[in-house]
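Protein chains: 4
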Amino acid sequence: MAPKRLQLGIVGLGRMGKRHALNFLTRASRSQIVAAWAFDENEAEWGRKELGPHGAQIYTDYDIFLRHAGLEAVVIATVVGAHAEQAIKAIEQDKHVLCEKPLSTNPDISRSVVDAASRKPHLKVMCAFSRRFDASYRKAWDRVNSGTIGDAVVFRSQTCDMLNPTGFFLPYVKASGGVFLDLSIHDIDLCLWFLGVSQNLVVKSVSASGVCAVHPELAELGDVDNGVGIVEFWGGKIAQFFVSRVMASGQHDMSEIIGTKGKIVVNRQPSDSLVEMHEAGGIRRELPTDYYGRFEQAFVTEANEFTAACLDDKPLPFALSGAAQAVDIAVALRDSLTTGLKIHFDETGCRKA
Amino acid sequence: MAPKRLQLGIVGLGRMGKRHALNFLTRASRSQIVAAWAFDENEAEWGRKELGPHGAQIYTDYDIFLRHAGLEAVVIATVVGAHAEQAIKAIEQDKHVLCEKPLSTNPDISRSVVDAASRKPHLKVMCAFSRRFDASYRKAWDRVNSGTIGDAVVFRSQTCDMLNPTGFFLPYVKASGGVFLDLSIHDIDLCLWFLGVSQNLVVKSVSASGVCAVHPELAELGDVDNGVGIVEFWGGKIAQFFVSRVMASGQHDMSEIIGTKGKIVVNRQPSDSLVEMHEAGGIRRELPTDYYGRFEQAFVTEANEFTAACLDDKPLPFALSGAAQAVDIAVALRDSLTTGLKIHFDETGCRKA
Amino acid sequence: MAPKRLQLGIVGLGRMGKRHALNFLTRASRSQIVAAWAFDENEAEWGRKELGPHGAQIYTDYDIFLRHAGLEAVVIATVVGAHAEQAIKAIEQDKHVLCEKPLSTNPDISRSVVDAASRKPHLKVMCAFSRRFDASYRKAWDRVNSGTIGDAVVFRSQTCDMLNPTGFFLPYVKASGGVFLDLSIHDIDLCLWFLGVSQNLVVKSVSASGVCAVHPELAELGDVDNGVGIVEFWGGKIAQFFVSRVMASGQHDMSEIIGTKGKIVVNRQPSDSLVEMHEAGGIRRELPTDYYGRFEQAFVTEANEFTAACLDDKPLPFALSGAAQAVDIAVALRDSLTTGLKIHFDETGCRKA
Amino acid sequence: MAPKRLQLGIVGLGRMGKRHALNFLTRASRSQIVAAWAFDENEAEWGRKELGPHGAQIYTDYDIFLRHAGLEAVVIATVVGAHAEQAIKAIEQDKHVLCEKPLSTNPDISRSVVDAASRKPHLKVMCAFSRRFDASYRKAWDRVNSGTIGDAVVFRSQTCDMLNPTGFFLPYVKASGGVFLDLSIHDIDLCLWFLGVSQNLVVKSVSASGVCAVHPELAELGDVDNGVGIVEFWGGKIAQFFVSRVMASGQHDMSEIIGTKGKIVVNRQPSDSLVEMHEAGGIRRELPTDYYGRFEQAFVTEANEFTAACLDDKPLPFALSGAAQAVDIAVALRDSLTTGLKIHFDETGCRKA
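Chains as they are written, first to last, in the UniProt record's numbering: chain A, 1 to 353; chain B, 1 to 353; chain C, 1 to 353; chain D, 1 to 353.
Next comes the structure, spelled out in structure tokens:
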């Protein structure tokens with residue numbers, strides 16, 4: 001008898017929703033897509049054509065979608081503003097949830113998702129911090145966790161997107177909450193993971209600055225295309241972030257964990273492959289053009305591990321609460337950027353007025 | 001209605017057979033393993049436990065295995081001495097065949113597989129040169145093929161296995177035909193691919209040398225643990241090979257394609273991940289410990305593309321005949337090594353006495 | 001007739017003074033060391049032994065030293081607290097001056113050196129920012145200056161010293177003014193150079209944080225062994241600094257200049273040589289153990305160019321005033337670190353209360 | 001009293017002669033150029049202008065030059081055909097000699113220089129294998145010599161010149177003896193150094209091949225622009241060489257020493273500086289455009305060490321006899337290339353008919 005497969009629904013069939021759908025369809029053999037919710041007719045058409053033949057039913061009403069017979073789990077890949085409400089509804093309907101990051105651009109709403117999940121402890125509810133599933137970050141974590149670099153005290157990390165002078169992303173950016181919530185949220189999550197190896201981290205202060213180098217339109221949104229930030233934690237650990245949307249060479253996401261006995265670096269030398277061009281002008285390596293080129297395999301691992309956790313009732317690799325904490329810090333970075341002020345937190349992590 | 005899946009049988013459930021089986025099982029969603037042939041009871045037991053629940057029947061008689069109802073294709077991953085006979089029998093029973101490299105350690109037997117396949121042109125018969133499916137080699141090929149480096153004239157390539165002073169591989173090596181047939185066969189195949197971009201390559205001469213640096217036992221087998229070779233082709237192209245079983249740092253397979261306008265290098269800077277250790281002693285990157293650590297994803301692509309070619313009756317990415325030509329060259333390298341003589345071929349590629 | 005040589009005196013024969021002396025002696029053929037001032041008998045003894053045979057007279061009284069017949073120029077390499085007074089006295093005695101960094105740990109005193117020099121415009125007075133003479137930084141500058149990366153908007157830079165758990169440097173650190181004045185001063189100077197390519201930079205705000213990871217004793221001095229900082233400039237450029245005394249792998253000083261069309265990085269992949277060790281554990285490169293291992297050649301170039309500027313009355317490669325500006329920023333970083341406050345400057349660069 | 005300086009003469013003021021002259025003049029403080037021999041009036045004019053003011057007398061008659069009062073040592077940097085005769089004459093006149101490589105393109109003539117030197121054991125006579133003075137090769141040697149990689153058994157090395165489609169070097173090449181004598185001679189010398197660490201190396205066989213990829217004119221000279229070679233030594237060590245004149249990216253000279261316990265690589269990642277361009281198209285590093293860009297500092301060290309050996313009567317870092325052995329191997333590689341035959345040597349290193 002063939003093994004049971006997780007009965008799965010995809011929520012949103014936009015760029016990231018399609019990728020999730022195809023990964024679960026062809027690269028996560030223990031799952032089966034039985035339903036999908038589409039935001040509009042274009043997405044629905046894609047779903048009927050690509051997922052339909054494999055047995056998936058396409059819905060445009062979210063509540064009806066959630067009542068699809070046998071549905072066990074949902075993957076939420078909609079615009080950020082919809083994440084929390086859709087996640088909470090799914091939790092209330094007893095579905096496991098894999099929700100794209102960030103939970104929300106609002107700390108309170110983020111926390112409401114965590115609260116909803118905590119009322120259903122039998123469910124697997126996870127924020128899709130894909131880098132947690134990346135083989136290199138995991139290898140780095142194993143080394144840090146085993147004490148290789150002593151006590152991890154400083155975390156430096158960057159998310160750098162490829163330059164696109166057309167600004168195609170500007171409409172999207174409006175709803176994203178700005179670079180720190182849209183991009184640095186990953187670095188913040190990694191920071192909580194790596195610096196939190198031996199203790200519970202409580203944020204103490206946040207400072208940020210930034211510049212609109214290529215996209216002056218961002219200034220009107222209170223956003224920047226290059227941002228820098230410092231985060232201090234109670235007990236004496238610090239993080240330094242860099243975020244950019246204007247890397248001419250391509251996507252370059254990188255992290256350093258600095259300990260008392262050594263340092264571990266992930267992706268100092270980015271490349272889209274093992275190919276080097278030796279040509280007039282020197283030696284050249286090409287970079288991925290977007291985050292998916294860097295993290296594709298991590299998304300596949302995420303799909304498989306989420307599936308396995310649901311089917312086998314095993315713990316998820318990380319807790320949902322950190323996703324709300326990451327939003328707190330990202331929002332503080334954004335607020336420091338727009339106000340020019342350093343933002344302080346008390347020893348319980350509550351932001352001071 | 002769910003799409004049709006290729007009804008597949010695995011031949012041999014040793015180290016590589018297991019890997020193929022698991023790849024087709026969980027990472028090639030258009031295929032279905034319906035049968036497997038096991039060499040002995042250990043392998044059979046593994047098959048019953050791991051493949052049985054997914055619907056595969058395990059055989060120990062190859063002829064009966066081939067008559068499994070509905071079987072469409074086989075993957076041959078047995079010892080090299082069995083490849084050719086099993087492939088030919090499968091072809092005669094009208095099965096598509098993916099056969100591990102090399103076809104044989106004997107040029108004539110290799111060619112008999114090619115001949116058998118040519119009598120069944122509707123079948124897909126492919127030698128499993130996994131590097132042809134590696135994303136980096138493919139990117140390199142696209143560049144070479146589009147003329148980026150001008151005319152490709154020199155090919156330099158190495159296959160270097162990790163040092164293992166225990167010599168665990170020695171029993172295996174006896175049947176392998178030596179380093180050039182066991183390891184350099186990949187470099188030779190790549191050479192035929194890359195230098196053959198604009199012309200049909202005909203070998204003109206072969207020279208080789210080698211040394212038993214760590215494993216003196218290899219000398220008794222006429223083999224070495226470090227080998228070097230030069231291959232000349234009619235028309236003025238040359239290749240230079242290096243092969244080693246004693247790389248202390250790990251697996252390092254690398255190729256250079258040198259053209260009149262530039263050079264392309266694949267994997268000059270090997271690494272098992274994007275992690276760097278900055279520690280006392282400097283900066284260190286770890287390497288894969290074996291070829292599978294380097295080429296795992298290529299094997300997955302191979303499984304998916306072979307499946308698609310069979311299901312959709314599309315051409316395979318490369319012809320079977322090159323596999324026999326690669327054996328000719330590998331055997332000549334081995335003979336040059338053992339005799340100390342340079343070996344010559346006429347302009348039709350026939351080896352001179 | 002042999003060409004005239006610059007008649008030079010070395011002030012201070014400690015670690016750095018010895019290096020300057022030997023460089024001028026054997027690698028700056030247009031200069032001649034005619035005198036040296038030694039702080040104590042140990043230094044004087046070294047001077048008599050190593051410099052004496054080449055014609056140098058050793059003094060322990062600074063005023064008498066300055067009156068050495070024919071003395072044209074001095075190189076000041078004493079403790080930071082002595083720099084300014086010695087420089088001003090030399091200027092007043094009409095000597096060209098090459099003074100080690102920083103001019104002082106006090107902004108006003110720093111500026112008094114600039115003022116003294118401005119009263120003697122015929123003299124060459126330079127702060128020894130050695131990185132300005134490094135071939136790689138100069139190449140980077142040529143590219144930035146020629147517009148290769150568009151408008152330079154973000155500068156990220158680090159000075160990272162090798163970990164030495166013995167804390168041998170602790171006594172020295174007391175007088176150094178802390179990591180930002182002792183080490184980051186180089187990054188600040190580079191920042192003023194690179195971001196100032198197309199405009200006069202005026203600092204707007206400074207934020208810093210830090211941690212005593214390995215050397216808790218530093219906390220008593222108001223210092224840290226890992227520091228991070230952000231500097232904003234009026235007009236919308238920003239810099240991000242990292243400084244550390246605990247790099248297990250060795251010295252790693254690196255800078256990134258990010259522009260609207262590209263980025264230039266200096267020394268992303270540090271190494272003490274072109275040697276790689278391929279060994280059990282992977283591939284390893286060793287790093288310089290201190291700044292001199294990284295910048296030795298820059299010091300030689302500095303010696304030769306300072307000599308040439310004096311002899312040929314050519315302009316120095318950079319103005320002295322920036323050295324005072326760098327002290328302003330370094331002091332603000334230190335103050336931000338110790339107070340936990342963000343420090344603001346008005347549009348003329350005057351620090352707000 | 002100022003220390004004594006070596007009274008030196010430069011023989012030949014062409015491209016390399018000028019470089020030697022300037023290095024000894026300004027970067028080897030213990031030497032003094034007192035004379036130079038110029039091949040023609042252009043060279044003589046340069047010498048009078050650049051070296052004259054520093055006290056050097058310029059000659060165009062070699063015998064008279066050698067009789068310059070006080071002359072102690074000569075540096076020979078003429079065309080290869082003149083090396084041996086000029087060296088022997090200088091030796092006979094009791095001058096120390098630093099002679100550019102190769103000693104000759106003829107094995108017997110090479111050996112006559114060795115013989116001449118052996119009759120004057122008080123003289124320092126050295127072939128200018130500049131790579132022996134390179135800091136990275138020396139570091140590699142220290143590691144090999146201390147047993148870090150076990151027994152060194154395989155040496156792989158390449159000299160690759162930058163592509164210059166104009167073929168400016170073609171006239172020069174005629175007299176050079178071909179790529180193996182002109183370029184690979186360095187790799188051969190390094191091979192004798194590194195593989196000879198624990199034993200006296202005796203060549204056993206030589207095989208070579210090559211292709212005229214860009215410069216078909218070379219075929220008429222029996223030369224190639226890309227060459228590969230294998231050298232076997234008695235006792236079981238092997239070397240593999242690659243030489244090219246058509247590297248589009250720039251100069252890339254590199255060596256690997258493979259031992260029973262590890263491998264050391266010199267210059268796997270060539271670069272002209274520490275600058276990286278991150279730009280549209282990816283990350284790019286530029287390479288030196290010629291050997292001097294790679295080895296400039298080695299030439300300076302060579303000048304200083306040769307000077308010191310002469311002044312202090314200390315042993316030279318390597319024996320002259322190896323220079324003749326290197327010519328033997330290079331000539332055999334060339335002969336194997338032009339005849340298509342493998343060339344054998346007996347156990348005393350005598351070439352078989």
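Backbone N, C-alpha and C fix where the C-beta goes; we use that ideal spot for every residue, glycine too.
Quick one: what's got a C-beta closer than 6 Å to residue i's C-beta in the same chain, skipping five residues either side?
| i | result |
| --- | --- |
| Trp37(A) | Val11, Tyr59, Tyr62 and Phe65 |
| Ser110(B) | Leu103, Ser104, Ala324 and Val327 |
| Arg284(C) | Met277 |
| Asp290(C) | Gln251 |
Nearest chain F C-beta to residue i closer than 8 Å, yes or no?
| i | result |
| --- | --- |
| Met254(B) | Given the protein chain composition of this structure (A, B, C and D), no chain F is represented. |
Verify the CB distance criterion: does residue i have a CB-CB separation below 8 Å to chain B?
| i | result |
| --- | --- |
| Gly236(D) | yes |
| Met162(A) | no |
| Ile258(D) | yes |
| Val265(A) | yes |
| Arg27(A) | yes |
| Arg245(C) | no |
Sort the options by Cα distance to residue i and report the nearest one.
| i | options | result |
| --- | --- | --- |
| Ile188(C) | Thr338(C), Ala309(C) and Phe155(C) | Phe155(C) |
| His68(B) | Gln93(B), Gln86(B), Ile76(B) and Ala84(B) | Gln93(B) |
| Val153(C) | Gly147(A), Val173(A) and Val211(A) | Val211(A) |
| Ser205(A) | Gly222(A), Val228(A) and Trp234(A) | Trp234(A) |
| Asn145(B) | Ile264(B), Glu100(B) and Val214(B) | Ile264(B) |
| Pro53(A) | Gly70(A), Glu41(A), Glu43(A) and Val34(A) | Val34(A) |
| Gly81(A) | His96(A), Leu163(A) and Asn106(A) | Asn106(A) |
| His83(A) | Glu45(A), Met126(A) and Leu22(A) | Met126(A) |
Near residue i, what residues of its chain come up, given a Cβ to Cβ distance below 8 Å and the 5 sequence neighbours on each side ignored?
| i | result |
| --- | --- |
| Gln158(C) | Asp187, Phe241, Phe242, Val243, Ser244, His252, Asp253, Met254 and Ser255 |
| Ile88(C) | Ser112, Val113 and Ala116 |
To the nearest angstrom, how far is it from the Cα of residue i to the Cα of residue j?
| i | j | result |
| --- | --- | --- |
| Thr307(B) | Leu8(B) | 9 Å |
| Arg268(B) | Ala140(C) | 26 Å |
| Val114(C) | Lys174(C) | 25 Å |
| Gly150(B) | Lys261(B) | 5 Å |
| residue 365(B) | Met16(B) | Absent from the model: residue 365(B). The displayed extent of chain B is 1 to 353, so no value can be given. |
| Thr338(B) | Lys237(D) | 15 Å |
| Lys95(A) | Lys120(A) | 10 Å |
| Leu190(B) | Ser136(B) | 12 Å |
Within the 8 Å Cβ cut-off, does residue i reach chain A?
| i | result |
| --- | --- |
| Leu287(D) | yes |
Less than 7 Å separating the Cβ of residue i from some heavy atom of the ligand MN?
| i | result |
| --- | --- |
| Ala36(D) | The model depicted lacks the ligand MN and carries no ligand whatsoever. |
Between residue i and residue j, which are expected to be in contact by the criterion C-beta below 8 Å, what is the C-beta distance as a whole number of angstroms?
| i | j | result |
| --- | --- | --- |
| Ile329(C) | Val231(C) | 6 Å |
| Phe295(D) | Arg131(D) | 7 Å |
Within 8 Å (strictly less), CB to CB, does residue i reach chain C?
| i | result |
| --- | --- |
| His215(B) | no |
| Met277(D) | yes |
| Val203(A) | no |
Using a C-beta cutoff of 8 Å, does residue i count as contacting chain D?
| i | result |
| --- | --- |
| Arg268(C) | yes |
| Met16(A) | no |
Keeping to the same chain, check which residues put their C-beta closer than 7 Å to that of residue i; ignore five residues upstream and five downstream.
| i | result |
| --- | --- |
| Ala90(B) | Leu66, Val74 and Val97 |
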